[in-house]
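The numbering of the sequence shown is the numbering used here, which starts it at 7 and goes up by one.
Glycine is no exception: its CB is placed at the ideal position from the N, C-alpha and C atoms.
Note sheet for the following structure.
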Amino acid sequence: MSMGAHIRAVTEKANKALNNISRLLPKVNGPSESTRRILCSVVTSILLYGASIWEQVVEKKVYKRILSSVQRRVAIRVSEAYRTTSNKALMVIARIPPINLLVKCRARIEKDGPDAKSEAQNAVMLCWQEEWDIDDGTAEWSKKLIPNIRPWFERRHGEVDFFLTQILTGHGCFEAYFKRFNLAETEECLYCINVDTVEHTLFFCPRWNMQRNIAEQILGHISPDNLVEKMLESPTNWDHVCKMAKQILSAKRIERPNLIQAR
Ligand SMILES: [Zn+2]
């Protein structure tokens with residue numbers, strides 16, 4: 007079997023497994039991130055089967071794209087992200103290292119033995135961070151919140167969900183987002199005169215002062231520069247940010263249709 011045929015076969019198998027397991031998981035208000043991550047480990051182990059043989063071809067654009075499209079599907083399920091989110095942001099938020107890096111890591115361990123494991127894994131983190139740092143105009147907001155992948159990736163507490171992921175991506179119930187994808191006529195906030203971005207909603211909009219103040223009583227002053235740092239400090243901090251995100255974004259979602267109509 008040629009390399010290309012092999013990669014296609016592996017991808018097809020991974021997609022099938024993903025469909026089968028996905029069917030078992032409810033779509034909304036369903037399983038926790040840790041349960042959703044089952045998808046990730048199943049798919050990754052299928053994708054990495056025989057990795058050492060096709061290590062050389064994984065950097066080829068066409069194969070990389072086929073393989074990362076499966077990873078993308080998994081990342082969307084794990085993070086509960088909107089489908090407009092960039093691959094780059096998805097992978098970091100869902101904590102799934104890009105497949106080309108995983109393939110190299112696996113190949114190196116198979117070649118050099120288990121002693122090479124920690125060094126190979128370390129190399130994954132370094133390369134991933136390098137890719138993350140490239141200024142290509144994508145994932146800018148996520149990069150601002152999560153400048154360093156490693157502490158985010160290695161954290162022992164904290165799950166992402168539909169609401170928190172909207173905060174982390176900026177893709178969600180924000181007028182600027184709706185406008186960008188032609189789902190709204192203007193970017194203007196429904197509650198004040200400013201442009202409604204994720205940053206505006208979470209950190210500035212007066213409509214959410216109460217929710218913000220409650221969170222800040224625990225967290226201290228929050229800003230885009232320290233939000234994730236504070237979340238990583240303790241499970242309590244993480245939960246308060248999650249709670250604030252859920253309260254604000256679910257209220258927005260409920261209030262939005264009436265406010266749009268009243269405009
Ligand atoms: Zn506002």
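Exercise for the section: Please classify E194: does DSSP put it in a helix, a strand, or coil? Expected result: As a position in the sequence shown, residue 194 is number 188, starting the count at 1. Three-state result, E194: strand.
Exercise for the section: Give the single residue among K252, V98, N154, V63 whose Cα lies nearest to the Cα of M8. Expected result: Mapped onto the sequence shown, residue 8 falls at position 2. The sequence given here places Ser at residue 8; Met does not occur at that position. For the residues K252, V98, N154, V63, the minimum Cα distance to S8 belongs to V63.
Practice task
Might you give, ordered along the chain, the residues of its own chain that have their beta carbon closer than 8 Å to the beta carbon of F187, omitting 5 neighbours on each side?
Solution key: Translated into the one-based positions of the sequence shown, residue 187 becomes position 181. Only T90 meet the Cβ criterion.
Practice task
Going by CA-CA distance only, name the one from I266, W138, R114, M131 that's closest to Y197.
Solution key: Looking up residue 197 in the sequence shown gives position 191. Here the closest residue by C-alpha is I266.
Handout entry: Chain-ordered list of residues that sit, by beta carbon, closer than 6 Å to a heavy atom of ligand 1
Key = C195, Y197, C198, N200, D202, H206, C211, R213
Problem - Backbone CA spacing between I72 and N264 [nearest angstrom] - result: For the purposes of this step, residue 72 is identified with residue 66 of the sequence shown, where counting begins at 1. For the purposes of this step, residue 264 is identified with residue 258 of the sequence shown, where counting begins at 1. So the two alpha carbons sit approximately 42 Å from each other.
Exercise for the section: Verify whether the separation of the beta carbon atoms of V49 and V16 is less than 8 Å. Expected result: Start at 1 with the first residue of the sequence shown, and residue 49 comes out as number 43. Start at 1 with the first residue of the sequence shown, and residue 16 comes out as number 10. Result no, Cβ atoms of V49 and V16 do not sit closer than 8 Å.
Practice task
Return the bridge partner residues of V201 from the DSSP annotation.
Solution key: Taking the first residue of the sequence shown as 1, we reach residue 201 at position 195. Looking at the DSSP assignment, V201 forms a beta bridge with E194.
Exercise for the section: Within its chain, find whatever has a CB closer than 7 Å to the CB of E193; leave out the 5 residues flanking it on each side and keep chain order. Expected result: The residue labelled residue 193 in the question sits at position 187 within the sequence shown. Cβ within range, chain order: E181, A182, K185, V201, D202.
Exercise for the section: From the DSSP output, in three-state form, read off F187 for me. Expected result: Locating residue 187 in the sequence shown gives position 181, counting from the first residue. Here F187 sits in coil by DSSP.
Problem - Cβ pair count under 8 Å reaching 3, the region 53 to 70 against the region 119 to 127 - result: no
Practice task
On a CA-only basis, which of W244, F168, W138, R262 is nearest C195? Give me that one, please.
Solution key: Sequence index remark: in the sequence shown, residue 195 carries index 189 (1-based). Among W244, F168, W138, R262, the Cα nearest to that of C195 belongs to R262.
Handout entry: alpha helix (DSSP H) runs wholly inside the region 13 to 62, at least 4 long, in chain order
Key = 39 to 53, 57 to 60
Practice task
Could you name the residues of the same chain whose beta carbon sits closer than 6 Å to that of C179, not counting the 5 residues immediately before and after it, in chain order?
Solution key: Translated into positions along the sequence shown, residue 179 becomes position 173. Same-chain partners within the cutoff: L255, K258, R259.
Practice task
Have a look at W134, S38, T41, L170 and flag the residue whose alpha-carbon is nearest the alpha-carbon of I155.
Solution key: Here residue 155 corresponds to residue number 149 of the sequence shown, with the count starting at 1. Of the listed residues, the one whose Cα sits closest to I155 is W134.
Handout entry: Length of the line joining the Cα atoms of Y88 and Q172
Key = Reading the sequence shown from its first residue, position 82 is the one you call residue 88. Reading the sequence shown from its first residue, position 166 is the one you call residue 172. Their backbone Cα atoms lie some 8 Å apart in a straight line.
Handout entry: Endpoints, alpha helix (DSSP H) assigned at C133
Key = Taking the first residue of the sequence shown as 1, we reach residue 133 at position 127. Run containing C133: 123 to 139, per the alpha helix (DSSP H) assignment.
Problem - Beta-carbon gap between G164 and P241 smaller than 8 Å - result: The residue labelled residue 164 in the question sits at position 158 within the sequence shown. The residue labelled residue 241 in the question sits at position 235 within the sequence shown. Their beta carbons are under 8 Å apart, which means G164 touches P241 by this criterion.
Practice task
Take W138 as the anchor and find which of L238, L151, W244 has the nearest alpha-carbon.
Solution key: On the sequence shown, residue 138 is found 132 positions in, with the first residue counted as 1. Closest option to W138, Cα to Cα, is L151.
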